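Undergrad: Provided herewith is a single structure, encoded as C-alpha cells, for subsequent inquiry.
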Amino acid sequence: MTRVAVVGAASELVRGRDGRNDAELLAPVVERALRASGISPSAIDVLGTASSEFLNGVVGGVMGAFDAIPGWPPRTHSHLEADGAFALYECWVRLMAGESPAALVCAFSRPRADDEIAVLGLQLDPYVVAPLGPRVASIAALQARAMVDSGRFSETDFASVVSARRGGVDVEYLLRQPYVASPLRSLDCSTICSGAAAVVLAVEEVANGSAGRPAWIAGIHHQIERHSLGARDLSTSPSLRCVSDRLHLSELSIDVLEVHAPFSHQELLIVESLHAGEVASVNPSGGALPADPIMVTGLLRIASAAEAIMRGVARRAVGHATNGPCLQHNLLCLMESD
Amino acid sequence: MTDALRAPHEVAFSYKRSVAGADQLFLSGLARAELWGSRGADGRVTVPPVDWDPETGAEIDGFVRLGGRGVVRSWTWVGEPRPGDPSPHPFALALVQLEGADTALLHIVDVPDEAVMHTGMAVCADWRAERRGGIRDLRAFVPCGAGDDHPHGPPPAPSPLELLADLEVVSQMVLHYSYEPGLALTEFLRALSERRIQGGRCPGCSGVYVPPHSTCPACRSGPMDLLEMGDRGTVTSYTVVHIPFHGITMDLPFVCAWVRLDGADVPFAHLLGEVPAEEVAVGLRVEAVWVPDEDLAPTWESIRYFRPVTTTSGGATHEGA
Chain A
2 MTRVAVVGAA SELVRGRDGR NDAELLAPVV ERALRASGIS PSAIDVLGTA SSEFLNGVVG
62 GVMGAFDAIP GWPPRTHSHL EADGAFALYE CWVRLMAGES PAALVCAFSR PRADDEIAVL
122 GLQLDPYVVA PLGPRVASIA ALQARAMVDS GRFSETDFAS VVSARRGGVD VEYLLRQPYV
182 ASPLRSLDCS TICSGAAAVV LAVEEVANGS AGRPAWIAGI HHQIERHSLG ARDLSTSPSL
242 RCVSDRLHLS ELSIDVLEVH APFSHQELLI VESLHAGEVA SVNPSGGALP ADPIMVTGLL
302 RIASAAEAIM RGVARRAVGH ATNGPCLQHN LLCLMESD
Chain B
11 MTDALRAPHE VAFSYKRSVA GADQLFLSGL ARAELWGSRG ADGRVTVPPV DWDPETGAEI
71 DGFVRLGGRG VVRSWTWVGE PRPGDPSPHP FALALVQLEG ADTALLHIVD VPDEAVMHTG
131 MAVCADWRAE RRGGIRDLRA FVPCGAGDDH PHGPPPAPSP LELLADLEVV SQMVLHYSYE
191 PGLALTEFLR ALSERRIQGG RCPGCSGVYV PPHSTCPACR SGPMDLLEMG DRGTVTSYTV
251 VHIPFHGITM DLPFVCAWVR LDGADVPFAH LLGEVPAEEV AVGLRVEAVW VPDEDLAPTW
311 ESIRYFRPVT TTSGGATHEG A
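As they're listed, the protein sequences go chains A and B.
Under the working numbering, the first residue of the first sequence is numbered 2, with each subsequent residue one higher.
Under the working numbering, the first residue of the second sequence is numbered 11, with each subsequent residue one higher.
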C-alpha cells in the first residue's frame, strides 16, 4: 500500500480587515505551499477546500475563492463546510485510493458578521436547543464546569493554559478577571480572526522527489459523538480516546502535539484524552487560543505539526482538529519523518 | 489597502420546520406541560427522546413520561441577556437531569443570583400558562421547595398523549454582516462610479476578464494588467424573466443577458432594456445605458441596462428613461 506525506504547507493569519476577499487572501498562501513542496500543479488531480459561507454571509461567495486554486484543466474538487482538517482527511483517502499522485488542501476564513457568536448558534439543534439562544461560550462553559466538578481540573489550570498561549499573562491576574460565562473568562475563549492555510499531500513516489523532508502520515482517523449535549459526559472525550487508541498514541512518544482548542479547558481535556505515551511540546505554534480563523484552525494545527517534521525539529508529530460544540467531533493526524 | 469598499449586508435565516417522530412527541408533551423521554433497548431513558439509539442504531423500546423534577448536572451564568433570550433578566443555562432519566436536558434555571447556583441542586419545571408545543413552553427550571415534590407541574400519570398535528418550529434569525468585495473588485466598482468599465488582462494566458480578478481563474497568474473597456458588446446568452422577486427593478417580462464587451474574453450578466423580449437573440449588439451623473455610484447599477446599439458614435447616454 502506498504512503502519503505532507510535502508543503503555508498559512497566513490576518488581524482586522485589510480589504482582501477570499481569493486575494488564499492565493499567496497556495502559491507558497506549492513552492515549498516543489510539486508541479499538474501533478495535483485532487483538490479539497473548506470554509463556511455563514461566517461572511456571502451566499455562493465561496466560488470566488476558487480563483486561488489551480482551475484548469478541471480536477476532482470537493468543498466542505467544515474545518479544513476534514478536507485533508478526504484528500488522504483519495490519494490512498490511487486517484491522484498529489492533492492540494486549503481552508480560508473571513468572519464578517457583527455577532460571530450568533453565526455559530446555527450549528445547534434547531428544535430544542437553538430556540433557547445559547451562546457558544455558554455551551463551552457547561463543559468547563463539568470538568471542574469532576475534580480533575480547576480554574487555575484553565488560567495556566491561557498564560502559556497568550504570552505569559499572569495567572493571578487572569483569575481576577470577570466571567464571560462562568467558569470561563474572556481570555479563556479564542480570539477569532481571518486566515488561510494550504497543505500539499503526495503519494510516496512523488513525495520522495519533493523539495523538502516529507512528513509521512502514519495514521489519520476521526470520530464523532452524539449531538445532544445532555447525553454526553462533557468532562470526557470518548471520541478522542477512541481515535487515539486506534493510532496507538499511548505507546508512542510525540515530539510536537498541536491541538485545536478554541477554549482553554479544551486543551486540557484533549491532552488528557489522548493518553499519549510522552509529549515533549504542546502547541509550539501558539495554538488556537490567540488566533482562531474558524474552519482553518484545525488544518493549521496539522500544517504546524507537519512543518515541525519538515524543518527537522520533530521526528513524530500529531495534529488535532475539532468540529462542533464541546469537542463533539475529533480528528487526529499522526505524522513521522523517515 | 485601507480604503477598500465595504457595505452592510443582511442575511435572514427564516425557516419553518415541521416535526415528526420523537420530536413531535416531545413538543406535543410540552404543550400539555409534560416531559417525555424515550427508553432504549438497554433500559436507559433519554430526554429529549430519540427515535433510534444514536450509538447502536437500535429501535427504541418506547416513550415514557417523566416528572418535572430534576438535578442540575452543569451550568453557566448568562449575566447579560440579549433580546430574544429565554429570560429578560440574568439566568443560568443548565443541563438538568430529570428524575428517571439517564441524560440531561438543556434549559435555563431562573434564580435571582449566580451565587444560588450549584451543581447537584434540585430544580423543578415551571410552565408557561400559554403553551404551543415548543421548548419555551417550559418557562424555566426553578429551585424546588423543601419537601415539595411537584410544586410546578402535574405528577406523572399514564394518560395517553395525543400528538399535535401541524407543529412547526419557527426560526427568525437575522445576521448582520459587512460585505467586502476585495481589492480588484473595489477598483472596478470605483471605475463604474466614474462611468468607466475596467477590464483585466492576464499576464500569463492573456485572457481579458470583466471585471478584473486579482488572480487569473484559469492559470493563477497575476496581477492582471488593467484595461479601459468600451461599453459596447455582444449578447452571448439570455433568459426572459416572467416571475417577480424581491428587489426587482424592471417591469415584467424583462431580459437578463450575458454581455461580452468588445475585447473581453468572458461575459458578465446584466439587464437588457428598450427591446422586446422576442427580438433578443444571441449575437445582438448592445451598448450600456448609464444612470444620470448624480446617481453614479460604485455599483453595477450605475449601468441601468444594455440596449441594442442605435448609434455609430461613442457610448450611449441616459436617453432611455
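Where is the CB? At the ideal position from N, CA and C, for every residue including glycine.
All values derive from a computational prediction rather than experimental measurement.
Using a Cβ-Cβ cut-off of less than 9 Å, give me the residues of the stretch 154-173 of chain A that come near chain B, in sequence order.
TA: Against chain B - using a Cβ distance shorter than 9 Å - the stretch 154-173 of chain A contributes no residues.
Undergrad: Between 113(B), 276(B), 209(B), which lies nearest to residue 55(B) when the distance is taken from Cα to Cα?
TA: The shortest C-alpha separation from residue 55(B) is found at 113(B).
Undergrad: Residue 162(A) lies in the alpha helix (DSSP H); which residues open and close that run?
TA: Residues 156-166.
Undergrad: Would you say residue 208(B) lies against chain A (beta-carbon separation less than 9 Å)?
TA: No, its Cβ sits nowhere closer than 9 Å to a Cβ of chain A.
Undergrad: Residue range of the alpha helix (DSSP H) that residue 224(A) falls in?
TA: No alpha helix (DSSP H) holds residue 224(A); the beta strand (DSSP E) holding it covers 216-225.
Undergrad: Report yes or no: do three or more beta-carbon pairs, one from the stretch 256-276 of chain B and one from the stretch 214-233 of chain B, lie closer than 8 Å?
TA: Short answer: they touch.
Undergrad: Name the chain A residues that come within less than 8 Å of residue 41(B), Cβ to Cβ?
TA: Neighbours of residue 41(B) on chain A: none; closest Cβ ~14 Å, over 8 Å.
Undergrad: Can you tell me whether DSSP reads residue 176(A) as helix, strand or coil?
TA: Note: residue 176(A) maps to helix in three-state DSSP.
Undergrad: So, is residue 87(B) buried or exposed, given that buried needs 16 or more other C-beta atoms within 10 angstroms?
TA: Counting Cβ neighbours within 10 Å, residue 87(B) comes out buried, since at least 16 surround it.
Undergrad: What residue from 78(B), 110(B), 109(B), 129(B) has the CA that sits closest to residue 103(B)'s CA?
TA: Comparing Cα positions, the closest option is 129(B).
Undergrad: For residue 302(B), count neighbouring Cβ atoms within 10 angstroms of its own Cβ and tell me buried if that reaches 16, exposed if not.
TA: Under this definition residue 302(B) is an exposed residue.
Undergrad: Mind pulling the chain B residues with CB within less than 9 Å of residue 180(A)?
TA: Within chain B, the residues near residue 180(A) are 86, 87, 89, 124.
Undergrad: Tell me, which residues are paired with residue 282(A) by DSSP?
TA: Answer by DSSP bridge pairing, in chain order: 257(A).
Undergrad: Compile a chain-ordered list of the residues in the stretch 49-79 of chain B whose CB is closer than 9 Å to at least one CB of chain A.
TA: Answer set for the stretch 49-79 of chain B: 56, 57, 58, 60, 64, 65.
Undergrad: So the alpha helix (DSSP H) residue 87(A) belongs to, where does it begin and stop?
TA: Per DSSP, residue 87(A) belongs to the alpha helix (DSSP H) from 85-97.
Undergrad: Please state the DSSP three-state secondary structure of residue 144(A).
TA: Of the three classes helix, strand and coil, the one that applies to residue 144(A) here is helix, per DSSP.
Undergrad: What's the call for residue 312(B), buried or exposed, on a 16-neighbour Cβ count within 10 Å?
TA: Under this definition residue 312(B) is a buried residue.
Undergrad: Is the number of C-beta pairs between the stretch 8-15 of chain A and the stretch 299-307 of chain A that are closer than 8 Å three or more?
TA: Enough Cβ pairs lie closer than 8 Å, so yes.
Undergrad: Between the stretch 188-200 of chain A and chain B, which residues of the former have a C-beta closer than 7 Å to a C-beta of the latter?
TA: Cβ contacts with chain B: none found.
Undergrad: Please report the distance separating the alpha-carbon of residue 107(A) from that of residue 76(A).
TA: When rounded, the distance between both Cα atoms is 15 Å.
Undergrad: Whole angstroms are fine: how far does the CA of residue 63(A) sit from the CA of residue 82(A)?
TA: Taking the straight line from one Cα to the other gives about 10 Å.
Undergrad: Taking just the CA atoms, how far does residue 99(B) sit from residue 181(A)?
TA: About 16 Å.
Undergrad: Taking the Cβ atom as the reference point for each residue, do residue 119(B) and residue 152(B) lie within a distance shorter than 9 Å?
TA: Result yes, Cβ atoms of residue 119(B) and residue 152(B) sit closer than 9 Å.
Undergrad: Given this structure, state the Cα-to-Cα distance separating residue 52(A) from residue 284(B), to the nearest angstrom.
TA: So the alpha carbons of these two residues sit roughly 42 Å apart.
Undergrad: Quick check on residue 103(B): does DSSP put it in helix, strand or coil?
TA: Residue state, collapsed to three classes: strand.
Undergrad: How would you list, in chain order, the residues of chain A whose beta-carbon sits under 9 Å from the beta-carbon of residue 29(B)?
TA: Simply 128.
Undergrad: Residue 296(A) and residue 110(A): beta carbons closer than 9 Å?
TA: Result yes, Cβ atoms of residue 296(A) and residue 110(A) sit closer than 9 Å.
Undergrad: Buried or exposed, going by whether 16 or more other CB atoms sit within 10 Å of the CB of residue 25(B)?
TA: Result: exposed.
Undergrad: Spell out whether any CB of chain B is found under 9 Å from the CB atom of residue 46(A).
TA: Cβ-Cβ to chain B under 9 Å: no for residue 46(A).
Undergrad: Figure out for me which residue from 275(A), 49(A), 201(A) has the closest Cα to the Cα of residue 40(A).
TA: Comparing Cα-Cα distances from residue 40(A) to each of 275(A), 49(A), 201(A), the minimum goes to 201(A).
Undergrad: Quick one: measure Cβ to Cβ for residue 236(A) and residue 226(A), integer angstroms, because I've assumed they're closer than 8 Å.
TA: Actually they are not in contact, since the Cβ atoms of residue 236(A) and residue 226(A) sit about 13 Å apart, beyond 8 Å.
Undergrad: According to DSSP, is residue 22(A) helix, strand or coil?
TA: Of the three classes helix, strand and coil, the one that applies to residue 22(A) here is coil, per DSSP.
Undergrad: Find the nearest neighbour of residue 22(B) within the set 182(B), 15(B), 76(B), judged by alpha-carbon distance.
TA: When only C-alpha atoms are compared, the closest one is 182(B).
Undergrad: Give me, in chain order, the residues of the same chain whose beta-carbon lies closer than 7 Å to that of residue 291(A); leave out the 5 immediate sequence neighbours on both sides.
TA: Once the five neighbours on either side are set aside, the close Cβ partners of residue 291(A) are 166, 167, 192.
Undergrad: Among 255(A), 46(A), 71(A), whose alpha-carbon lies nearest the alpha-carbon of residue 32(A)?
TA: Nearest of 255(A), 46(A), 71(A) to residue 32(A), Cα basis: 71(A).
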